[in-house]
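Protein chains: 2
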Amino acid sequence: MENYRTYLTEEELPTHYYNLRADMEKKPAPLLNPGTMQPMTAEELEGVFCSELVKQELDNDTRFFEIPEEIRDYYKTFRPSPLVRAYNLEKVLGTPAKIYFKFEGNNTSGSHKLNSAAAQAYYAKKQGLKGVTTETGAGQWGTALSMACAYFGLDCKVFMVKTSYEQKPFRREVMRTYGAEVTASPSDTTEVGKKILAEFPGTGGSLGCAISEAVEAAVTREGYRYVLGSVLNQVLLHQSVIGLEAHKALEKLGVTPDIIIGCTGGGSNLGGLIAPFMGEKLRGEKDYRIIGAEPASCPSFTRGKYLYDFCDTGKVCPLAKMYTLGNGFMPSPIHAGGLRFHGMSTILSELYDQGLMEAVAYEQTEVFEAAEVFARAEGILPAPESSHAIKATIDEALKCKESGEEKVILFGLSGTGYFDLLAYQQFNDGTMTDYIPTDEDLAKGLAFVPPQPEE
Amino acid sequence: MENYRTYLTEEELPTHYYNLRADMEKKPAPLLNPGTMQPMTAEELEGVFCSELVKQELDNDTRFFEIPEEIRDYYKTFRPSPLVRAYNLEKVLGTPAKIYFKFEGNNTSGSHKLNSAAAQAYYAKKQGLKGVTTETGAGQWGTALSMACAYFGLDCKVFMVKTSYEQKPFRREVMRTYGAEVTASPSDTTEVGKKILAEFPGTGGSLGCAISEAVEAAVTREGYRYVLGSVLNQVLLHQSVIGLEAHKALEKLGVTPDIIIGCTGGGSNLGGLIAPFMGEKLRGEKDYRIIGAEPASCPSFTRGKYLYDFCDTGKVCPLAKMYTLGNGFMPSPIHAGGLRFHGMSTILSELYDQGLMEAVAYEQTEVFEAAEVFARAEGILPAPESSHAIKATIDEALKCKESGEEKVILFGLSGTGYFDLLAYQQFNDGTMTDYIPTDEDLAKGLAFVPPQPEE
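Chains as they are written, first to last, in this note's numbering: chain H, 221 to 675; chain D, 221 to 675.
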């Protein structure tokens, strides 16, 4: 019998990030400067981001970027992540399907976010910077960045959405333990924060506002840059280590997946998982069904429009062409905080638009039902975000049960739910509710989308 | 360079538990029936514990117990645990010592407790029981047992100390997600609980009281038995998988440790880690320094007496000969809840009494300082309990720095601190306090130790 868990050796770990864009015939649309409606230049971006990361962001052609030894050494403290055969889940479902998952939650940040935090902190340090700033909502990205900054010896300023800062003090304390300075946003430490506080005294803040504060804190401080944990091309590039490891491990097992599934918020988890597989598909070498699982309450793929839009509600970021619900869309307070983003990675958006991947949307109660089945069978308590992928996997596995097909399903288990237990409590108590935006909600969200550039 | 993480393959995993007692010339003292002062018989114990576990508890001679295939299959969902070379900690300390740790925290229960929970749930199921009962304080054991019961299809009733039930709702929700029934103790579901509630209305409960309720719930219900997560011989037997894996992994690396360190509460973590190494020491094949690290606030080894005492404050359990602070000792409210036990495993107590191992005691503030250094260097946020071992390791590594000796240190990282963030918050805020019992406190603790049997 095949092993439950497959670990690559350190010698087998990826030495290069794989840039999926290099294999896309039609490239993702460039970021635009909202003032000029012209593509953002490296120079413009370097005021906000580290130089090396700007290069990675703009490079649509280089297929492989070498992973510096320092980053690879750091990865060895939490990678390889295991590729797990979900024997027990298969048994519980009674399916002939073979289910594998790539588990990214076995590190203190609790998710895949650390893969990109490591790279971003390293390049900031290499550039001789003093520190980085970022925003965090639920706190996974902030935790990951704090850990990477502690390792590379970099100052880390995190603007945490005030309601989360107050309601999720534990995530905050993890960040502080790693030496990060955590500020509740909006704060009086930035001009934009002061302005918002004056206008809306007592506001609980929002991710959009926290982004604006983090960007201001970076550009007004000598030796600081801003970093972001999803959506960007560079982040998907770093996350390709997930897919590269999974691909090699499956190859060692002599297994080829038929279906690859991941949850999608900003797209970094699915984008990283599918990278080498989608590369084969783009080059016509193999075919895979690829499915993004998103929340019905924030359905960028399944109900959004493919348009140029701001990535943030504060409208300080460049315009990105993506599947978007509109920067005016207010996602409902579901528990998969990491999936509550109105837009989507430009790379995945372009692939979806070309029909190279599918998307499904689920309500949170059915997602938690799937999470519970999975936890009891496989032991791991999954993050609400990752549980969207579990739900899609269970659905596909049950279809196989009906048809008798022995399909191979690979899904990304991007993180653990140890900091999401208020959500599990609601589910256990039977008080969890679902939210589906009305067509009117969607129309409102799109009301602030800027005029589109001419084709 | 040697790898950061060494994983055994599934083929290399232990097939047998190792019973350290078989190699002890002077055996640990038997449990006594407090009524008769005679050794507890299998028959007496089988009213409370599963039959197979009673056999394991009483058997001082069988060296190896085969691990049933069903348990080995379950272990494969979270084992092998990695043996990690702490390169980054070595670098931060500037020590010539080589530091390794065996990390048991990469499962949802967050600690090594799952190793014994798996075995105990399996044997209960095999005996045809409906379910098991237990108590839990901080919740690690209760979580582990819930997970194992969900896997083996067994009912699980957990009596959780009321203050923890209210203050640590997240652990409670993990247990509920795995299908356990969690009751705040004292409760009105047992006679002993009702009695305590009548006597002390509004009490927050205690571990002693929760044990009494769990035992009553087991013996008064058809098809139920009581299970316990530490202290007992059977638990150390199951935990030997930690040491067996570590021993084999070090052997593969061609490394022999000079010093082996673990934290000690009831003794299951250290007892499991050292098992095969202590076996070699007892058989005169190898020599190792073995160090138990305990809290200065609950110093069973360093300030306790080697006496027959009750394992519980409620005095419903048999008498065990152990290093004890007395069943009347009230441990201070430190954050390493898993180490707040007045007694100690009889096996470790006997080994300590024979001078085969040492012990050190630390105050919690210095333990959290060590935890922070470790977290920033190695990424993993350690449990407060495990951080006692980290502190001892850092101390030994710094001695090597002074002497220039390249000693090899192996320590047990028994768990993660994800559910201990109130403690980290106190540490980060600088409001953590230390507690050291006075000689008067210790005298009070010993006041209720029963009359000792004649030698």
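Glycine residues also receive a C-beta, built at the ideal position from the N, C-alpha and C atoms. Please read all numbers here as calculations on a predicted model, not as lab measurements.
So what's residue i in DSSP terms, helix, strand or just coil?
i	result
Thr356 (chain D)	strand
Asp532 (chain H)	coil
Asp281 (chain H)	coil
Asp375 (chain H)	strand
Glu578 (chain D)	strand
Gly428 (chain D)	helix
Ala404 (chain H)	strand
Thr544 (chain H)	strand
Glu674 (chain H)	coil
Leu539 (chain H)	strand
Tyr398 (chain D)	coil
Glu589 (chain D)	helix
His236 (chain D)	strand
Leu493 (chain D)	helix
Glu433 (chain H)	helix
Pro389 (chain H)	helix
Ser517 (chain D)	coil
Ser331 (chain D)	strand
Glu245 (chain H)	coil
Going by alpha carbons, who is nearest to residue i out of the options?
i	options	result
Asp408 (chain H)	H:Glu393, H:Asp375, H:Ala437 and H:Ala400	H:Ala437
Met221 (chain D)	H:Leu618, H:Gly425, H:Glu230 and H:Glu266	H:Glu230
Tyr227 (chain H)	H:Leu303, H:Leu452 and H:Lys414	H:Leu303
Tyr320 (chain H)	H:Ala609, H:Glu263, H:Ala516 and H:Leu568	H:Ala609
Phe594 (chain D)	D:Ala617, D:Tyr508 and D:Met577	D:Ala617
Arg596 (chain D)	H:Pro300, H:Glu570 and H:Gly399	H:Gly399
Lys296 (chain H)	H:Glu465, H:Gly425, H:Gly422 and H:His555	H:Glu465
Tyr238 (chain D)	D:Asp293, D:Gly373 and D:Met498	D:Met498
Gly558 (chain H)	H:Val439, H:Asn489 and H:Thr522	H:Asn489
Gly373 (chain D)	D:Ala344, D:Gln574 and D:Gln387	D:Ala344
Gly493 (chain H)	H:Gly504, H:Ile480, H:Gly524 and H:Glu505	Residue identity check: residue 493 (chain H) is Leu in the sequence provided, not Gly. Nearest C-alpha to Leu493 (chain H): H:Ile480.
Thr356 (chain D)	D:Pro389, D:Tyr342 and D:Asn327	D:Pro389
Ala262 (chain H)	H:Gly632, H:Asp293 and H:Val274	H:Val274
Asp279 (chain H)	H:Glu310, H:Gly504, H:Asp615 and H:Arg241	H:Arg241
Ile629 (chain D)	D:Thr315, D:Glu232, D:Ile287 and D:Glu266	D:Thr315
Tyr385 (chain D)	D:Ala358, D:Ala370 and D:Glu272	D:Ala358
Glu289 (chain D)	D:Leu233, D:Val475 and D:Tyr307	D:Leu233
Residues bridged to residue i by DSSP?
i	result
Ile481 (chain D)	D:Ile511 and D:Phe631
Arg225 (chain D)	D:Val304
Thr636 (chain H)	H:Pro602
Phe323 (chain H)	H:Leu633
Arg445 (chain H)	H:Val352
Lys525 (chain H)	H:Thr544
Met380 (chain H)	H:Thr356 and H:Ala404
Lys318 (chain H)	H:Val628
Leu252 (chain H)	H:Pro259 and H:Leu539
Glu286 (chain D)	D:His236
Work out the CA separation of residue j and residue i for me, nearest whole Å.
i	j	result
Gln734 (chain H)	Pro553 (chain H)	A question about residue 734 (chain H) goes unanswered here, because the residues of chain H that appear run from 221 up to 675.
Phe285 (chain D)	Gln340 (chain D)	14 Å
Cys620 (chain D)	Lys501 (chain D)	23 Å
Val435 (chain D)	Arg441 (chain D)	10 Å
Asn495 (chain D)	Gly487 (chain D)	Here residue 495 (chain D) turns out to be Ala, not Asn, going by the sequence shown. Going by the C-alpha atoms only, they are around 12 Å apart.
Tyr543 (chain H)	Gly413 (chain D)	58 Å
Cys270 (chain D)	Asp649 (chain H)	33 Å
Ala404 (chain H)	Thr397 (chain H)	17 Å
Val669 (chain D)	Arg225 (chain D)	46 Å
Gly491 (chain D)	Glu419 (chain D)	38 Å
Phe639 (chain D)	Met244 (chain H)	44 Å
Val447 (chain H)	Asp375 (chain H)	13 Å
If the cut is a Cβ gap below 7 Å, which residues of chain A does residue i touch?
i	result
Arg560 (chain D)	In the structure shown, chain A cannot be found, because the protein chains are H and D.
Following a CB-centred definition, is residue i positioned closer than 7 Å to any heavy atom of the ligand SAM?
i	result
Gly504 (chain H)	No copy of the ligand SAM occurs in the structure displayed, which carries no ligand at all.
Does the contact criterion of 3 or more C-beta pairs under 8 Å hold for the segment 523 to 541 of chain H versus the segment 418 to 437 of chain H? yes
I'd like to know if the segment 640 to 660 of chain H and the segment 390 to 399 of chain D are in contact, where contact means that at least 3 CB-CB pairs between them fall below 8 Å. yes
For the pair the segment 572 to 590 of chain D and the segment 646 to 664 of chain D, tell me if three or more CB-CB distances fall below 8 Å. yes
Could you say if the segment 356 to 363 of chain D and the segment 378 to 385 of chain D meet the contact criterion of at least three C-beta pairs nearer than 8 Å? yes
Within the chosen definition, does the segment 502 to 513 of chain H reach the segment 567 to 581 of chain H through at least 3 CB pairs nearer than 8 Å? yes
Check whether the segment 460 to 478 of chain H touches the segment 341 to 359 of chain H, taking contact to mean three or more Cβ pairs, one atom from each stretch, closer than 8 Å. no
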